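Data block below; observations after.
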Amino acid sequence: MTERQDVVTLTIDGVEVSAPKGMTVLEAAKRAGVVIPHYCYHPGLPVAGVCRMCLVHVENTPKLQIACAIPVADGMVVNPYHDEAVEARRGVLEFLLINHPLDCPICDQAGECELQNYVFREGRARTRYSPTYAKRFNPVEDFGGDILYVPNRCILCTRCVQFMEHVADDPVLNVSDRGDRAFIGIHPGEQLEHAWSGNVVDLCPVGSLISKDFLHKARAWELDKAPGVCTGCSQGCNVVLETLHNTVVRLRPRTNLEVNRFFMCDHGRLDYRWLNRGDRIEAPLVRQDGDLAAVDWHHALERAADIVKGSGGPIVVLASARASNEALFLATRVAGERFVGAFRVERVDGEEPLPGVPNLALRSERAPNVRGATELGYTETFDAAVTALADAAAVIVVDEPLDTVSNAALAKVPSVIYMGTTLPEPARVAQVVLPITNVAEEDGTFVNRDGRVQRYLQAKTGPGMARPAWWVLGELLVELGRGEPLATAGEAFEMLAGAVRAFDGISYDGLGYLGAVLGTAAKAEATA
Amino acid sequence: MAITVKVMKRPEHEVSYLRATLKGLALTFSHLLRPSVTMQYPEQTATDDWTLSPRWRGTHRMLTDEQGRSKCVACGLCPQICPANCIKLVPGEDEQGNRYPLIYEIDEFRCVFCGYCQEVCPEEAIHVGVHYENAEYERGRFVYDLERLCAQTHPVSTLWDPSDPKGQ
Ligand code: SF4
Ligand code: SF4
Ligand code: SF4
Ligand code: SF4
Ligand code: FES
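Protein chains in written order, with this note's numbering: chain A, 1 to 528; chain B, 529 to 696.
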């Protein structure tokens, strides 16, 4: 690559780094792997420059500078750890702590709090204030939605105000009063009701804005985390599933600049309880003397294979748009020539966009894999398919909750193979019931509405003998004599990518954590 | 072949055990005249006749506030630091929305009495105690619940000597 005119070279903490003109020193430092402490700066928000936490020493300038606001310049020598800068930041932290309640033991942010972190790193070990100094006190306020405001903990970085004003375009928050009495106010009569307002909890660097849903549920350090994809709608926001003792307790956005940047909507954020359902099927069941009886996997798969082999006529796959691509694909393989696939998706009126981020909205189709199901040959003709079930030789249900299906509908079909997490009433007529894991309990991929194939990873263990749907269908293929056993979701995906044109050129490993868009890999090859 | 035994003739004072026996007895009886150092436990106990170190680390005690409620706010630090993993804590929320321990149990059998829980507690709630009489009729009784921990009255450990905190 040739050196371009608009690239400058500077030194930050002894590290030489090139950065495009116009970039701020703080961002350039990130590139160089140097962390400059900061509060009001956030990559998803406009620069506010109010917290003074990012003070750094720049050679040949008379005063310390705020790294989040000054642009890089050629030959600049920045020293974030110059004695003067460290001393200034220590002063900033001391001011922040004057009225801070130090209630870390009961604060939900403890363990992931930037005030704790920076004070631990560069703050004073002891206060210089008298132990009898009465700290400013304001009661906790309900900001509406899922959000509580604890003013005593606020460090007035204004990230929340910036977000509501510039990103959500719903400026209901403000800085009220002034000086050391300042606090974050909400406009009279207003609430944090925007569909994306929950993000202020993540943005708040301290425990000042907290989630009512997560309140007192867990300590930050007890949580296990796994990267996932939100199942709330077809946008496919990248998330982190946080679990405590094998229970999902919180979803948070995971940065993906191409999809959701740093955000996720409240609908998706709070839609996790179904992942922890207790009424799960824990063992394969087959019909024996009229009743469903628990058997081992081998017997259940044998029975399922007999059904598939024995039936002449269409095999209808009723799939959920929450099922992984791997499961949907393998189901088409199991049905073979006689495959007829249909899915259903809940659609609501209107979208809830986040104005500050292009192409990001809570979408009207409320399932994560509508595009994947479509690419794999399923059609959104669920109701028609159910009405036409009388002609089917067999039905395979893949993770579809059957809420809209009457008890009698499936009874008409000679054979039903039901793969699901729970056993709803209409499914009780099945000949074989195969317990599968939910999206938090398996690896797999979804395709979002823009054709981005995205991986999600297992966050908790499934109940009993439940197995990922791709494993179950893979074993069924083996039982039918039409495939090799699949050990991982990756192997299932490779099989899919090799067989379905739309997935050409996409590899499981190549997806990484950010995904790849259908069709682009092939195009890139063609132009290369 | 017959075995031949060589018989040695030793002087009389070397083979007689009488001398050694008398010497031993003299030592034994001399103890009768010395002051006794044995403590007559359980007639004598640490409460009246002798003292335990104030830094002794024994079974736990949870301190309470003026209203008699435990001072614990269920911050989760002690189960985190405990090397024996013997503290069970489930946080809850009371009527005023305050965080408090819904379940707080210490398995004293698994505890190694390191005192880390006391050291880490930001509320000065859980303490190891200056206490040593722990016998029970059942194993299960060694899991102390919150009520029992709060009901303990023995003195709590100072962990370190305030006049010499670094132990020099
Ligand atoms: S509530 Fe949080 S995000 Fe908002 S100004 Fe205070 S510290 Fe910053
Ligand atoms: S916009 Fe859709 S994918 Fe994103 S968080 Fe909301 S529900 Fe989930
Ligand atoms: S004394 Fe040590 S081992 Fe015992 S409960 Fe406390 S931290 Fe755990
Ligand atoms: S460290 Fe103290 S306040 Fe925290 S949970 Fe343990 S006893 Fe309770
Ligand atoms: S991060 Fe630079 S002033 Fe706040």
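All C-beta atoms, glycine included, are put in the ideal place defined by N, C-alpha and C.
Here the structure is a predicted model, which is why all the values come from computation and not from measurement.
Proximal chain B residues relative to residue i, where beta-carbon distance stays under 7 Å
i                 : result
Trp221 of chain A : Gln608
Ile106 of chain A : Val601, Cys603 and Arg627
Environment of residue i [buried if 16+ CB atoms lie within 10 Å]
i                 : result
Leu561 of chain B : exposed
Asn60 of chain A  : exposed
Ile147 of chain A : buried
Ala528 of chain A : Bear in mind that a pLDDT of 46 at Ala528 of chain A, under 50, signals an unreliable position, so the model cannot answer this.
Asn448 of chain A : buried
Thr243 of chain A : buried
Val150 of chain A : buried
Met164 of chain A : buried
Met1 of chain A   : Here the model assigns Met1 of chain A a pLDDT of 46, short of 50, so the residue's position is not dependable, and the following value carries that caveat. By the neighbour-count rule (16 or more Cβ atoms within 10 Å), Met1 of chain A is not buried but exposed.
Glu666 of chain B : exposed
Arg460 of chain A : The sequence as given places Lys at residue 460 of chain A; Arg does not occur at that position. Lys460 of chain A is buried by the Cβ-count criterion.
Glu479 of chain A : buried
Ile36 of chain A  : buried
Gln595 of chain B : exposed
Gly14 of chain A  : exposed
Glu484 of chain A : exposed
Those residues which DSSP pairs with residue i across a bridge
i                 : result
Gln65 of chain A  : A:Val56
Leu244 of chain A : A:Thr247
Gln454 of chain A : A:Phe446
Phe183 of chain A : A:Ser176
Ala319 of chain A : A:Phe343 and A:Val398
Gly144 of chain A : A:Ile147
Thr534 of chain A : For residue 534 of chain A there is no data in the structure shown, the boundaries of chain A being 1 and 528.
Arg467 of chain A : A:Ile436
Glu16 of chain A  : A:Thr11
Ile417 of chain A : A:Ile396 and A:Val432
Ile210 of chain A : A:Leu148
Lys537 of chain B : According to DSSP, Lys537 of chain B bridges with nothing at all.
Gly228 of chain A : A:Val239
Asn79 of chain A  : A:His57
Tyr672 of chain B : B:Ile634
Pro71 of chain A  : A:Thr24
Val50 of chain A  : According to DSSP, which records beta bridges pairwise, Val50 of chain A is partnered with nothing at all.
Val684 of chain B : B:Gly657
Cβ of residue i within 7 Å of any chain D Cβ
i                 : result
His216 of chain A : The structure shown contains no chain D; the protein chains it does contain are A and B.
Beta-carbon neighbours of residue i, restricted to chain A and to distances below 8 Å
i                 : result
Pro650 of chain B : Cys104 and Pro105
Partners in chain A for residue i, counting only beta-carbon separations shorter than 7 Å
i                 : result
Pro619 of chain B : His216
- Distance cut 7 Å, beta-carbon to ligand 5 heavy atom: residue list by chain order: A:Leu26, A:His38, A:Tyr39, A:Cys40, A:Tyr41, A:Ala48, A:Gly49, A:Val50, A:Cys51, A:Arg52, A:Met53, A:Cys54, A:Ile66, A:Ala67, A:Cys68, A:Ala69 and A:Cys157
- Task: Mind listing, in chain order, the continuous alpha helix (DSSP H) runs of no fewer than 4 residues lying wholly within the stretch 486–523 of chain A?
- Result: 489–499 and 508–511
- Query: Enumerated in chain order, which unbroken segments of the beta strand (DSSP E) with a length of 3 residues or greater are wholly contained in the stretch 336–377 of chain A?
  - Reply: 339–344
- Query: Along the chain, which unbroken stretches of the beta strand (DSSP E) at least 3 residues long are found entirely within the stretch 583–667 of chain B?
  - Reply: 586–590, 615–621, 627–635 and 654–657
- Query: What residue ranges within the stretch 248–329 of chain A form continuous beta strand (DSSP E) runs of no fewer than 3 residues, ordered along the chain?
  - Reply: 285–288, 291–294 and 315–320
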